[in-house]
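Below is one structure; the comments refer to it alone.
Residue numbers (our numbering): 1485 to 2148.
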C-alpha cells in the first residue's frame, strides 16, 4: 500500500480529572465534530478538503478519562446529535455540543447539591434501608447517569444501528481503562544460576487495567501484534443498548461499572467490584516490557477459566496518564516506537490532561514539619504524586521537534487559573453546573485551536504531500512557521472551522449557593457518620464515638469544610460579590479564609502566596479600605496579625495562651 494511502494512526490517552472530566469531554466532543465535518465535506464537496485519512486506533483512560472514553465510544457509534449554542454566548459556532450524552453526563447531572432537586452526590438514597455507607459521597448517582448515557436514543443512526463503520475509527476500537486493584495480582520473578533456577522475587501488582474492544465501530483494519495478541473483552457495537429503562445487558453493565471503578476516588466515591478470570492475566501483554507476557503467580490449582474478583479504586491513583497502552497500540510491527520527525511521522499519541496545575509545593516551614500527624498525612499524597511522575511522556509531548506525541491541556489567555473545575483538588467542579459548563466549552475551544494550529506535519510528509486542492482551499489547512509549510492532520472545516467562544464571564457562585451546599453537606454527614459508628460492635464504643462526634468532631469537620470551600473559591475568584479585583488580592484574601489558621501574619501570608511582605501589607490595607467590616487587625499574644472580621479573636483569645487561635 502506498504510504499516502495509509491512514495516520492516532491513539488518545485521557488522564484522570475528577470533575474536570467536563474539560476532557469537551475536547472529545469537538474532536468528533471536526472528524464528522471533514468526512461529510469529502463526500458532499470533493476536492475542497484534503483526501487523506486518519484512524483512531485506541483510547486509554484513567479515572474520569475512563468514563469519558467509555461513554464517547458508545455515543459516537449512535451518531452525532447537534445541540444549538445559546445565542447569548455569541460567536459563529452554531453548536454547544454534538454528543449530548457526554454533555449531560459531565455537565448537567453530577452535582453536589442539585438545584433541580434531582438525586445528587449528597443524596442519601445510597444508604437508605439500613445499608452501610461505602463512601463519603453518593456514587449511586454516577452509576445511574452512566447507565443512562450508555443507552442510545431510539433514533440513533450509526454503526450501532447497522450502518457502515466510521471512516476515522479502527474497525475494532480498543479501550484501556486503568484500575487500582485492591486485592492485587501476585507475581514471581525467578533467577537463573548456571543450570539451576533459583526461587526468585515475589511481588504484588496493584496497577491493573481493563481492555475492551468495540467491534464493528470503524472502517480500518491493520492492527499490530500488540492489539492482535493482547487479551481483551470484545463487545460487538451492534449490541449496544438502545432506549428503554431497567437493567442494561450484563456485558454492557460490566462495561459501565468498569469505567466507574476506574473513577472510584478513594473514600470520596465507592470502590467497585470487578469480575474477571485468570485467563485475562495469563495472556496479558505488558507494553512497557517489550510486549512480554508475564504470568501471575496465582495459586497452583487455579485454572484459566477460574473467576478472579477484586475491589477497584481510582485507576489514576497508580497510573493517571496511561500513555503506554495507546503508544504501543499504534507502533508499527517491527519497530520500538513511532517515527517522530515532522516529515516522516505517520502516527501520534494525543494526551488529554485537564490538570496542568500541579501539586502545591510546600514552603520551608511545612517541609520542616516531621511530626507524626504530618508524616501520616503525607504518605498517600507522596505515593500518588510519585506514581504519576512520568517526565519522559510529558517532555516528549511538549518537545517542538517531536511530532508523534502531543498534549491538550487547558489554556486561557492571560489568566492565572485556566480551568473552572480545578478547585478543591478537582472535586470543586461538582459545586455548580456553571463550572462544568465553562470547562466543557473550554475543552471544545482548546481542541479547535489544537487541531488548527498544533497538530501539524510538514507539507512534504507522505501522509499529506499529495493534496490536490486549489490555492484558495489549501490556505485553510496550511500554516507557515519560519518559512516551512505545515499541514493539518485533522483538517478543521465546515462548521468545525467556526470559532468556539467561551462564555464571557468567568463562572462564580454566590454565598446563598455555597450555604445551600453546606447545609446539604451537614445533612449528609449527620446521616453517614452515625451509620459508620453503628458498624462498631460494642455498645459502649458506639455510645462513646457518637458522643465525640456530636460534641467536638462534627463542629470541627464542618468548620473545616466551610473555610476550605470559601478559601479556594476566593483564591480562584469564583465567589461572587467579593471585594477582590486582582489575582494577588485573591491569593492574600484566600489565606485569611484558611481552615488551618484563623489569624495570619504578614510574613505567613507572604510565604504561602510567594508575595513580598510589603506587597502583602499593601494589599491588606487596600482590602480593609475597600470594604468596611471585612478585616480585623491586631495582636495575638503580642504578635501582629490579620483575620477576617468574622473570625476576629476576642480579648481572652488574644491574651490567654491556652485559648489563643493558631497563628501563622
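Ideal Cβ positions, reconstructed from N, Cα and C, are used throughout, including at glycine.
- Annotation: residue 1745 to residue 1512 spans about 21 Å, alpha carbon to alpha carbon.
- Rounded to whole angstroms, the gap between the alpha carbons of residue 1621 and residue 1752 is 6 Å.
- DSSP places residue 1522 in the uninterrupted alpha helix (DSSP H) bounded by 1505–1528.
- Residue 1838 and residue 1659 have their C-alpha atoms some 19 Å from each other.
- Classified as exposed, residue 2035 has fewer than 16 neighbouring CB atoms from the shown chains inside 10 Å of its CB.
- When the Cα atoms are used, residue 2072 and residue 2048 turn out to be separated by approximately 15 Å.
- The count of Cβ pairs closer than 8 Å, one atom from the segment 1586–1598 and one from the segment 1724–1731, stays below three, leaving the stretches out of contact.
- By the neighbour-count criterion, in which a residue is buried when 16 or more other Cβ atoms sit within 10 angstroms of its Cβ, residue 1713 is exposed.
- Measuring C-alpha to C-alpha distances from residue 1754 to each of 1630, 1802, 1610 and 2039 identifies 1610 as the nearest.
- Note on geometry: alpha-carbon atoms of residue 1924 and residue 1584 lie some 12 Å from one another.
- Note on geometry: alpha-carbon atoms of residue 1929 and residue 1985 lie some 7 Å from one another.
- Residues of the same chain with a CB within less than 8 Å of the CB of residue 2100, apart from the 5 flanking positions on each side, are 2072, 2086, 2089, 2090 and 2093 in chain order.
- 1654 is the residue among 1730, 1654, 1568 and 1765 whose C-alpha sits nearest the C-alpha of residue 1561.
- Note on the segment 1525–1609: whole beta strand (DSSP E) runs with a minimum of 3 residues are 1538–1545 and 1579–1581, in chain order.
- For residue 1937, there is no enclosing beta strand (DSSP E); the enclosing alpha helix (DSSP H) has its first and last residue at 1917–1937.
- From the listed residues 2000, 1969 and 1833, the smallest Cα separation to residue 1916 is found for 2000.
- In the DSSP assignment, the residues bridged to residue 1831 are 1493.
- The Cβ atoms of residue 1975 and residue 1534 lie closer than 8 Å to each other.
- Residue 2045 has its alpha-carbon roughly 44 Å from the corresponding atom of residue 1721.
- Counting the other CB atoms within 10 Å of its CB gives residue 1965 a total below 16, which places it among the exposed residues.
- DSSP assignment within the segment 1651–1739 yields the following whole alpha helix (DSSP H) runs of 4 residues or more, N-terminal first: 1709–1713.
- Apart from the 5 residues on each side of it in sequence, residue 2138 sits with its Cβ closer than 8 Å to the Cβ of 2118, 2119, 2120, 2121 and 2144 in its chain, given in chain order.
- Annotation note: the segment 1766–1820 contains the following uninterrupted alpha helix (DSSP H) runs of length 4 or greater, listed N- to C-terminal: 1807–1814.
- Shortest Cα-Cα distance from residue 2033 to any of 1639, 2014, 2020 and 2019 involves 2014.
- The shortest C-alpha to C-alpha distance from residue 1783 to any of 1693, 1922, 1662 and 1670 is the one to 1670.
- In the DSSP secondary-structure assignment, residue 1970 is bridged to 1942 and 1963.
- For residue 1716, the closest of 1710, 1734, 1706 and 1697 by C-alpha to C-alpha distance is 1697.
- If you ignore the 5 residues before and after residue 1543, its C-beta comes within less than 6 Å of the C-beta of 1496, 1553 and 1659, all in its own chain and listed in chain order.
- Secondary structure note for residue 2099: its alpha helix (DSSP H) is the uninterrupted segment 2097–2110.
- Within the same chain, 1537, 1538, 1539 and 1704 come within 7 Å of residue 1491 by CB-CB distance, once the 5 residues on both sides are set aside.
- Counting C-beta pairs with one atom in each stretch, the segment 1502–1521 and the segment 1893–1913 have three or more that are closer than 8 Å, which means they touch.
- For residue 1650, the closest C-alpha among the options 1639, 2065 and 1701 is that of 1701.
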